[in-house]
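**Student:** Just so we're aligned: 17 in full-length UniProt numbering is position 17 of the sequence shown, and the numbers increase by one with no gaps anywhere.
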Amino acid sequence: MSTAENYLKMAIDLARKNVTNEHGRPFGAVIVKDGNVLATGVNEIGKTNDPTDHAELSAIRKASQILKSPRLDGCVVYASGNPCPMCLAAMYMTGIKEVYFAYSNQEGEQYGLSTAAVYKELMKPFSEQSMSIHHHPVKVEGELIYDVWKKMR
Numbered sequence: 001m002s003t004a005e006n007y008l009k010m011a012i013d014l015a016r017k018n019v020t021n022e023h024g025r026p027f028g029a030v031i032v033k034d035g036n037v038l039a040t041g042v043n044e045i046g047k048t049n050d051p052t053d054h055a056e057l058s059a060i061r062k063a064s065q066i067l068k069s070p071r072l073d074g075c076v077v078y079a080s081g082n083p084c085p086m087c088l089a090a091m092y093m094t095g096i097k098e099v100y101f102a103y104s105n106q107e108g109e110q111y112g113l114s115t116a117a118v119y120k121e122l123m124k125p126f127s128e129q130s131m132s133i134h135h136h137p138v139k140v141e142g143e144l145i146y147d148v149w150k151k152m153r
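(1) Kindly list the residues whose CB is nearer than 7 Å to the CB of Asn-43, restricted to its own chain and excluding five residues on each side of it in sequence; keep chain order.
(2) Quick one: Cα of Ala-11 to Cα of Ala-59, how far?
(3) I want to know whether the segment 70–78 touches the segment 92–106 - three or more CB-CB distances under 8 Å.
(4) Inspect the beta-carbon positions of Asn-82 and Tyr-103 and report whether they are closer than 9 Å.
(5) Taking only the alpha-carbon atoms, compute the straight-line gap between Met-86 and Gln-65 and give it to the nearest angstrom.
(6) Does Ile-133 pass the burial test, meaning 16 or more other C-beta atoms within 10 Å, or should it be called exposed?
(7) Drop a sphere of 10 angstroms on the beta-carbon of Thr-20, count the other beta-carbons inside from all chains shown, and report buried for 16 or more, exposed for fewer.
(8) Could you check the C-alpha separation between Asn-105 and Leu-144 for me, to the nearest Å?
(9) Buried or exposed for Ser-131, please, with buried defined as at least 16 other CB atoms from any protein chain shown within 10 angstroms of its CB.
(10) Taking just the CA atoms, how far does Ile-31 sit from Ala-89?
(11) Is it true that the CB of Ala-39 sits closer than 9 Å to the CB of Ser-80?
(12) Given this structure, state the Cα-to-Cα distance separating Tyr-7 from Met-1, to the nearest angstrom.
(13) Give me the residue from Val-140, Val-148 and Cys-84 with the minimum Cα distance to Leu-113.
(14) Go to Ile-96, then tell me how far its beta strand (DSSP E) extends in each direction, as first and last residue.
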């Protein structure tokens with residue numbers, strides 16, 4: 001059995017336990033760095049009513065706390081299901097370069113567990129998306145907030 005398969009089975013086991021023990025959604029994630037499990041997470045939307053409480057984001061939050069850094073360079077994510085666009089974006093923003101997942105959007109679709117439609121929507125220009133998205137520049141006197149941030153660093 002490959003290393004990836006071992007960690008994916010761990011993610012699936014987390015998802016299974018989440019469904020059977022806590023009545024959560026069937027998603028689990030494992031973050032590995034240098035061959036060691038750094039953090040795990042499960043989808044707890046039903047428990048917290050937080051729509052961002054996905055397995056991958058939970059594991060990312062834990063790993064960031066352990067590493068005391070918003071960067072997760074060198075980490076690999078193993079997820080039970082196809083990461084949604086939000087989770088995938090978070091992985092990009094943390095510097096994660098490698099992701100494995102066991103179940104595809106196509107496999108989850110018949111259960112209402114696919115994010116393929118969201119991926120499709122995000123591929124459209126803002127003007128064609130179902131959400132009304134507007135860039136509305138506002139000028140204020142003084143320094144730009146980005147300049148203030150840069151100075152404070």
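A virtual CB, placed ideally from N, CA and C, is assigned to each residue, including glycine. All values derive from a computational prediction rather than experimental measurement.
**Tutor:** With the given structure in hand:
(1) Asn-18, Gly-24, Arg-25, Phe-27, Asp-53, His-54 and Ala-55
(2) 11 Å
(3) yes
(4) In this structure, Tyr-103 lies closer than 9 Å to Asn-82 by Cβ.
(5) 20 Å
(6) exposed
(7) exposed
(8) Taking the Cα positions, Asn-105 is about 42 Å away from Leu-144.
(9) A quick correction: the sequence has Met, not Ser, at residue 131. So Met-131 counts as exposed.
(10) 16 Å
(11) Ala-39 is positioned such that its CB atom lies no closer than 9 Å to that of Ser-80.
(12) 10 Å
(13) Cys-84
(14) Here Ile-96 belongs to no beta strand (DSSP E), and DSSP marks it neither H nor E.
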